[in-house]
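Asks: I'd like to ask you about the structure that follows.
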Amino acid sequence: MTSVAAPAGGAQGKQARSRSSTIIYVSTGTVLSILFLLPLVWAVLRSFMQPSDITAAPSARAFGHLTVANYSGLITGSIHILRYVGNSVLVAGGTAVLTAVLATLAGYGLGRTRFRFRGSNVVFALILVTLMVPFQAILTPLFLELSFLHLLDNWLGLILFYSTFNLPFGVFVMRNSFMAAPSELEEAAYCEGAKVLTTLRTVLLPLVMPGVATTMLYAFLFAWTEFLGALTFITSINRLTLPVALLNVETGTFGQVNYGFLIAGAVIAMVPCAVLYVALQRFYVTGITAGGVKG
Amino acid sequence: MADIELSHVDKVYEGAEAPAVRDLSLKIADGEFMVLVGPSGCGKTTALRMVAGLEDITEGELRIGGRVVNDVPPQGRNISFVFQNYALFPHMTVYDNMAFGLKLAKVDKATRDKRVRETARMLGLDEYLNRKPRALSGGQRQRVAMGRAIVREPQAYLMDEPLSNLDAKLRVSMRAELARLQRDLNVTTIYVTHDQTEAMTMGDRIAIIRRGQLQQAGAPTELFYKPKNLFVAEFIGSPSINLVESSLRADGDSLYADVAGQPLLIDPEALSERPALRGYAGKRLIIGIRPQDFEVGVAGTRRRGCQVEAKVELVEALGTETNVHFCVNAPPVITDEVLELAADLGKDEATRVERKARAGRNEFIARVDPKTQVRNGDTITLAVDTAQMHFFDPETGQAIR
Ligand SMILES: Nc1ncnc2c1ncn2[C@@H]1O[C@H](COP(=O)(O)OP(=O)(O)O)[C@@H](O)[C@H]1O
Ligand SMILES: [Mg+2]
Numbered sequence: 274m275t276s277v278a279a280p281a282g283g284a285q286g287k288q289a290r291s292r293s294s295t296i297i298y299v300s301t302g303t304v305l306s307i308l309f310l311l312p313l314v315w316a317v318l319r320s321f322m323q324p325s326d327i328t329a330a331p332s333a334r335a336f337g338h339l340t341v342a343n344y345s346g347l348i349t350g351s352i353h354i355l356r357y358v359g360n361s362v363l364v365a366g367g368t369a370v371l372t373a374v375l376a377t378l379a380g381y382g383l384g385r386t387r388f389r390f391r392g393s394n395v396v397f398a399l400i401l402v403t404l405m406v407p408f409q410a411i412l413t414p415l416f417l418e419l420s421f422l423h424l425l426d427n428w429l430g431l432i433l434f435y436s437t438f439n440l441p442f443g444v445f446v447m448r449n450s451f452m453a454a455p456s457e458l459e460e461a462a463y464c465e466g467a468k469v470l471t472t473l474r475t476v477l478l479p480l481v482m483p484g485v486a487t488t489m490l491y492a493f494l495f496a497w498t499e500f501l502g503a504l505t506f507i508t509s510i511n512r513l514t515l516p517v518a519l520l521n522v523e524t525g526t527f528g529q530v531n532y533g534f535l536i537a538g539a540v541i542a543m544v545p546c547a548v549l550y551v552a553l554q555r556f557y558v559t560g561i562t563a564g565g566v567k568g
Numbered sequence: 093m094a095d096i097e098l099s100h101v102d103k104v105y106e107g108a109e110a111p112a113v114r115d116l117s118l119k120i121a122d123g124e125f126m127v128l129v130g131p132s133g134c135g136k137t138t139a140l141r142m143v144a145g146l147e148d149i150t151e152g153e154l155r156i157g158g159r160v161v162n163d164v165p166p167q168g169r170n171i172s173f174v175f176q177n178y179a180l181f182p183h184m185t186v187y188d189n190m191a192f193g194l195k196l197a198k199v200d201k202a203t204r205d206k207r208v209r210e211t212a213r214m215l216g217l218d219e220y221l222n223r224k225p226r227a228l229s230g231g232q233r234q235r236v237a238m239g240r241a242i243v244r245e246p247q248a249y250l251m252d253e254p255l256s257n258l259d260a261k262l263r264v265s266m267r268a269e270l271a272r273l274q275r276d277l278n279v280t281t282i283y284v285t286h287d288q289t290e291a292m293t294m295g296d297r298i299a300i301i302r303r304g305q306l307q308q309a310g311a312p313t314e315l316f317y318k319p320k321n322l323f324v325a326e327f328i329g330s331p332s333i334n335l336v337e338s339s340l341r342a343d344g345d346s347l348y349a350d351v352a353g354q355p356l357l358i359d360p361e362a363l364s365e366r367p368a369l370r371g372y373a374g375k376r377l378i379i380g381i382r383p384q385d386f387e388v389g390v391a392g393t394r395r396r397g398c399q400v401e402a403k404v405e406l407v408e409a410l411g412t413e414t415n416v417h418f419c420v421n422a423p424p425v426i427t428d429e430v431l432e433l434a435a436d437l438g439k440d441e442a443t444r445v446e447r448k449a450r451a452g453r454n455e456f457i458a459r460v461d462p463k464t465q466v467r468n469g470d471t472i473t474l475a476v477d478t479a480q481m482h483f484f485d486p487e488t489g490q491a492i493r
């Protein structure tokens, strides 16, 4: 941000500058927040409107007839949205956990100098290269592979697929997290008698928790919103994940296109993401290693 | 408790050209406080980490309590390591930090609790047991690190410059406290520092290391009075030893050392203790005189040839002692050792030595009785305790014995 004017110097000038920069900061933040929040608020509001109002031009009249019919219809009607929410929670949760566990172990191995081996950097580079491969490009081989493993139309297959494509990023994050953790802490634990995995669990894991949270959140959101893979690999209607189920609402597999249902479904889909984000947020608080090393 | 023995230990880091530790042989007796000291980068930490098992031993053998432990991981060595930066577990309270090792050793909860509380009381940490390390001061963190080491009652304590992050005053008081604690607990200790005062005041024995090699190991007084080489002589003692290049002249049975044109009679007893000295008659050598071996004024009983004239350049009255700086009409002694130690003391000291070298001025410091009245610019006669003089070969830097 450019400074408004040359400061007059002295405390007064400084104060004036900090006040004007606060104003700029707050107003920019407010504008951006509104920009991002408006569609969300709009969606939430519309999800409480009657289907006829949703497709009509926005008018004050529509707000007089707010209803929860869309939600109750989705939940109790033939659509059984909660079943798909459950499916998605299971798949996305499984993906998040599996990715976090594997990325933590791989990051530990690649991030600590004590585990360095000849070619460990090459291994890491190869893992990163897979980030460049869009999974859509290899959907057919993946389909064949899962079919060979008898994991088609199976949540485990879907979880493995999602984890595979989230691991490069996860390993990258976890490796950096472990590299940032002071090696003395690990060595202190060794001297105190802790074995490698005990040290990882009791001493290092709390330090790399921000990395774990990032990895989990990223994997969860990926799995929660992923569509093409789920559409390809899951065939039974009962096992569908939420994005595919919502598409069915839209294309009318369950009947006619119902925009009320569709928007309410989208709002329902947002809730777990928001909950997870808030739940993991405390791990992003800085200063977790403060006080451990250095005077 | 146990003794520790390193025999011919080498450490070569992967990719490094020179070994970080070379042929280190050292025996630390059960209960002994051994200090490893030397300029930074000389390999002290490396040596200590090898004893702890945090670093592989390239060559040689390490025994703890008689058992060869080269291939035993740190977990199996039953030692405590105190890190320079303390390495406290940041997410655990003081109590949990201290109980960590006991928990892993499966000490039952009641005993554990008793030992943690006892140790905390001993270190004055009882009030802080529920705090996290970040809520502690530097001195308190240092104590917690000590507590974590002590509470487990290990075979040995290994400490890597544990006081270097404290401010000067706290460092002095912690120094005494730590030495007392070690004496009470009587646990074998290897203590690394690059501060010679710390080494002299704390250690039962001191091992001086330079460029990965042991220079001399012995009691503080032994290193002070009988340094094996120029490096040890220069490193130990504050203010440091005065060095001057000189030549020896034989006169009958006596030997005279020429110090800036003034002949100094070498004490006959010192001469008989150093038979090799006679071989240097007519040759160059380096003479070392400790600041405290000067005395202002000459007692009538002193023999001829034990005094030097000096023009006072600067008087530092420190209360308990007075340091008199005076110029000596001889080039300064600038050896590798001198340069290395000056560089270790920091940039200022290094440039000071360089300036001295360019100017060709050799400055001595005499530490004299604070009651003597000496002023800047005075010309005084200083008596030299020639029995305490040190002699070094100018080529090898070895003491002439
Ligand atoms: N992990 C390492 N890899 C390569 N060289 C190292 C490593 N640790 C220390 N060294 C080198 O070994 C020498 C001794 O280091 P160190 O034992 O830390 O010295 P000190 O503790 O006496 O200051 C130094 O030259 C240092 O650069
Ligand atoms: Mg060191």
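Quick mapping for you: the protein sequence lines, in order, are chains X and E. What the first sequence shows, in the numbering used here, is residues 274 to 568, in sequence order. What the second sequence shows, in the numbering used here, is residues 93 to 493, in sequence order. Where a beta carbon is used, it is the ideal one built from N, C-alpha and C, also for glycine. Just so it is clear, the structure is predicted and the values come from calculations on it, not from any experiment.
#1: Straight-line CA distance for ASP477/E to GLU432/E?
#2: Report the neighbours of GLY193/E on chain X: residues whose CB is nearer than 7 Å to its CB, in chain order.
#3: Could you pull the DSSP bridge partners for ASP440/E from this structure?
#4: Answer with yes or no whether the minimum CB distance from VAL485/X to chain E is below 8 Å.
#5: To the nearest whole angstrom, what separates the beta carbons of LEU515/X and VAL317/X, a pair I think is in contact under 8 Å?
#6: So which residues of chain E does ASN461/X contact, with C-beta pairs closer than 7 Å?
#7: I'd like to confirm something about CYS134/E: is its beta-carbon nearer than 7 Å to some heavy atom of ligand 1, or not?
#8: DSSP three-state call for THR393/E: helix, strand or coil?
#9: Taking the continuous beta strand (DSSP E) assigned at LYS403/E, which residues delimit it?
#10: Across which residues does DSSP place ARG303/E in a beta bridge pair?
#11: Can at least three beta-carbon pairs, one atom from the segment 479-490 of chain E and one from the segment 377-387 of chain E, be found at a separation below 8 Å?
#12: Let's see if you can read the secondary structure: which residues bound the beta strand (DSSP E) around THR347/E?
#13: Give the DSSP-derived three-state secondary structure of LEU520/X in the structure shown.
#14: Can we say the segment 169-187 of chain E touches the segment 245-257 of chain E, given the rule of at least three CB pairs closer than 8 Å?
#15: Is the shortest distance between the beta-carbon of PRO166/E and the beta-carbons of chain X less than 8 Å?
#16: Could you check if GLU499/X belongs to the surroundings of ligand 2, using beta carbon to heavy atom distance under 7 Å?
#17: Is it buried or exposed, SER332/X, if we count other Cβ atoms within 10 angstroms and call 16 or more buried?
#18: So PHE386/E is in the beta strand (DSSP E); what residue range does that whole segment cover?
#19: What residues of chain E sit near VAL476/X, judged by a beta carbon separation below 7 Å?
#20: Which residue from ALA453/X, PHE416/X and PRO407/X puts its Cα closest to that of GLY384/X?
#21: Taking Cβ-Cβ distances below 9 Å as the criterion, which residues of the segment 201-213 of chain E are in contact with chain X?
#22: Taking CB distances under 8 Å as the criterion, tell me whether LEU196/E reaches chain X.
#23: Count the other C-beta atoms from every protein chain shown that fall within 10 angstroms of the C-beta of ASN189/E, then say buried if there are 16 or more, exposed otherwise.
#24: Mind checking VAL304/X: buried by the 16 CB within 10 Å criterion, or exposed?
#25: Could you pull out every unbroken alpha helix (DSSP H) segment of at least 4 residues lying fully inside the segment 222-310 of chain E, listed in chain order?
#26: Is the CB-CB distance between THR377/X and VAL485/X below 8 Å?
#27: Based on Cα-Cα distance, which residue from TYR550/X, ALA379/X, THR471/X and MET543/X lies nearest to VAL314/X?
#28: Say whether the segment 459-479 of chain X touches the segment 176-188 of chain E, bearing in mind that this needs 3 or more beta-carbon pairs closer than 8 Å, one atom from each stretch.
#29: Please list, in chain order, the residues of the segment 128-156 of chain E that have any C-beta partner in chain X closer than 9 Å.
#30: At a Cβ threshold of 8 Å, is LEU458/X touching chain E?
#31: So, ILE301/E versus LEU128/E, is the Cβ gap smaller than 8 Å?
#32: Can you name the residues that DSSP bridges to VAL127/E?
#33: Below 7 Å, is the gap between the Cβ of ASP205/E and the nearest heavy atom of ligand 2?
#34: Name the residue from GLY231/E, ALA144/E, ASP259/E and ARG235/E whose alpha carbon lies nearest to the alpha carbon of VAL208/E.
#35: For MET405/X, is the classification buried or exposed, using 16 other Cβ atoms within 10 angstroms of its Cβ as the cut-off for buried?
#36: Counting only C-beta atoms, is ALA422/E closer than 8 Å to chain X at any point?
Replies: The answer reads as follows:
#1: Each residue's Cα considered, the two are about 28 Å apart.
#2: Using a Cβ-Cβ cut-off of 7 Å, GLY193/E is close to GLU465 and GLY466 of chain X, given in chain order.
#3: Beta-bridge pairing links ASP440/E to no other residue.
#4: For VAL485/X, the answer is no, since every Cβ of chain E falls outside 8 Å of its Cβ.
#5: A Cβ-Cβ separation of about 17 Å leaves LEU515/X out of contact with VAL317/X under the 8 Å criterion.
#6: One point to set straight first is that residue 461/X is Ala, not Asn, in the sequence displayed. Proximity of chain E to ALA461/X at the Cβ level (cut-off 7 Å) is accounted for by PHE173, PHE175 and ALA179, in chain order.
#7: Between ligand 1 and the CB of CYS134/E, the shortest heavy atom gap is smaller than 7 Å.
#8: With a pLDDT of only 46 at THR393/E, under 50, the local geometry of the prediction cannot be trusted, and the value read off the model is given with reservation. THR393/E carries a coil assignment under DSSP once its states are collapsed to helix, strand and coil.
#9: Per DSSP, LYS403/E is one residue of the beta strand (DSSP E) stretching across 399-409.
#10: Bridge partners of ARG303/E: none, in fact.
#11: Between the segment 479-490 of chain E and the segment 377-387 of chain E there are three or more C-beta pairs closer than 8 Å, enough to call the two in contact.
#12: At residue 347/E the sequence reads Leu, which differs from the Thr that was named. Here the beta strand (DSSP E) through LEU347/E covers 346-351.
#13: Judged by DSSP in its simplified three-state form, LEU520/X adopts helix.
#14: The segment 169-187 of chain E makes contact with the segment 245-257 of chain E, as at least three CB pairs between them are under 8 Å.
#15: Taking 8 Å as the threshold, the shortest C-beta distance from PRO166/E to chain X falls below it.
#16: Between ligand 2 and the CB of GLU499/X, the shortest heavy atom gap is not smaller than 7 Å.
#17: By the Cβ neighbour-count rule, SER332/X is exposed, with fewer than 16 other Cβ atoms within 10 Å of its own.
#18: For PHE386/E, the enclosing beta strand (DSSP E) begins and ends at 386-388.
#19: Within 7 Å Cβ-Cβ: PHE181.
#20: Restricting attention to ALA453/X, PHE416/X and PRO407/X, the CA atom closest to the CA of GLY384/X is found in ALA453/X.
#21: Taking 9 Å as the Cβ-Cβ cut-off against chain X, none of the residues of the segment 201-213 of chain E qualify.
#22: Closer than 8 Å to some Cβ of chain X, the Cβ of LEU196/E qualifies, so yes.
#23: Around the beta carbon of ASN189/E, a 10 Å sphere encloses 16 or more other beta carbons of the protein chains shown; the residue is thus reported as buried.
#24: By the 10 Å Cβ count, VAL304/X comes out exposed.
#25: DSSP runs (the alpha helix (DSSP H)) wholly in the segment 222-310 of chain E: 230-243, 260-277 and 288-294.
#26: For THR377/X and VAL485/X, yes; Cβs fall inside 8 Å.
#27: It is MET543/X.
#28: With a cut-off of 8 Å, the segment 176-188 of chain E and the segment 459-479 of chain X count as touching, because enough Cβ pairs lie within range.
#29: Within the segment 128-156 of chain E, the residues whose Cβ lies closer than 9 Å to some Cβ of chain X are ARG141, ALA144, GLY145 and LEU146, listed in chain order.
#30: It does; some Cβ of chain E falls within 8 Å.
#31: The answer is yes: Cβ separation under 8 Å.
#32: Looking at the DSSP output, VAL127/E sits in a beta bridge with TYR283/E and ILE298/E.
#33: Relative to the non-hydrogen atoms of ligand 2, the Cβ of ASP205/E never comes closer than 7 Å to any of them.
#34: For the options GLY231/E, ALA144/E, ASP259/E and ARG235/E, the alpha carbon positioned closest to that of VAL208/E is the one of ARG235/E.
#35: The residue in question, MET405/X, is exposed, as its Cβ has fewer than 16 Cβ neighbours within 10 Å.
#36: At a cut-off of 8 Å, the C-beta of ALA422/E has no neighbouring C-beta in chain X.
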